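Q:
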């Protein structure tokens, strides 16, 4: 089954404790991206990747890091999480940059 | 800069009513793509449609239809004979056909269909 898998689905953690949200897709897609969804703000892009070893900032990259060492994986790293990063996060992938995106089920992060 | 405005934050309708979700966009690019995505209460995001700026023909898919009007920079979405399963948050999004500008989403419209 074609899918984008994110882990964990839920996480409560404390300020400053490094965390990684994993994202994996099994569709051999070149394009992957991360979004955060906040009430009243819709979806905003954090980082995206056109292909392996190619990543770029989206609209709200501050406080986040990503890497794309393999085509299927695109982890989101919060080196020193802060409460304003409490949000619902989505990973997505697509065949190309402007193609319809397949989204993961989301990861709800709470940073205390 | 790209901008997508979904002025309707929340809409409530009774089952079987028709409902239109508005989407107005701003872009300096002459060629671009427009999208609609659905987010049901379960939380996942589901792709509904992609249109390119060359094609202003309306599109119909079952009870769903989309009206793209370049003259008014709008890409409205109509659900005919709404059903409870249509209850969701709907997002409109835009990306230019050239360059590396990320997909820009509107803030979404929450549709509640009441039985």
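Chains as they are written, first to last, in my numbering: chain A, 1 to 112; chain B, 1 to 115.
We treat Cβ as the ideally placed atom computed from N, Cα and C, and that holds for glycine.
Values in this document were obtained by computation on a predicted structure and should not be read as measured data.
(1) Hey, quick one: how far does the beta strand (DSSP E) through residue 23 (chain A) stretch, first residue to last?
(2) Is it true that the CB of residue 106 (chain B) sits closer than 8 Å to the CB of residue 42 (chain A)?
(3) Which of the residues in the stretch 47-58 of chain B, read from start to end, lie with their CB under 8 Å from any CB of chain A?
(4) Is the separation between the beta-carbon of residue 25 (chain B) and that of residue 71 (chain B) shorter than 8 Å?
(5) Answer yes or no: does any C-beta atom of chain A fall closer than 8 Å to that of residue 107 (chain B)?
(6) Contact criterion: CB-CB distance below 8 Å. Does residue 98 (chain A) meet it with respect to chain B?
(7) Please name the residue, chosen from A:48, A:27, A:8, that lies closest to residue 60 (chain A) on a Cα-to-Cα basis.
(8) Is the Cβ-Cβ distance between residue 51 (chain B) and residue 100 (chain A) less than 8 Å?
(9) Mind checking if residue 76 (chain A) is an interface residue toward chain B, Cβ cutoff 8 Å exclusive?
(10) When you compare the CB of residue 45 (chain B) with every CB in chain A, is at least one pair closer than 8 Å?
(11) Between residue 83 (chain A) and residue 13 (chain A), which are expected to be in contact by the criterion C-beta below 8 Å, what is the C-beta distance as a whole number of angstroms?
(12) Reducing DSSP to helix, strand and coil, say where residue 42 (chain B) ends up.
A: The structure says:
(1) 19-25
(2) yes
(3) 47, 50
(4) no
(5) yes
(6) yes
(7) A:48
(8) no
(9) no
(10) yes
(11) Contact doesn't hold; Cβ gap of about 11 Å is too wide.
(12) coil
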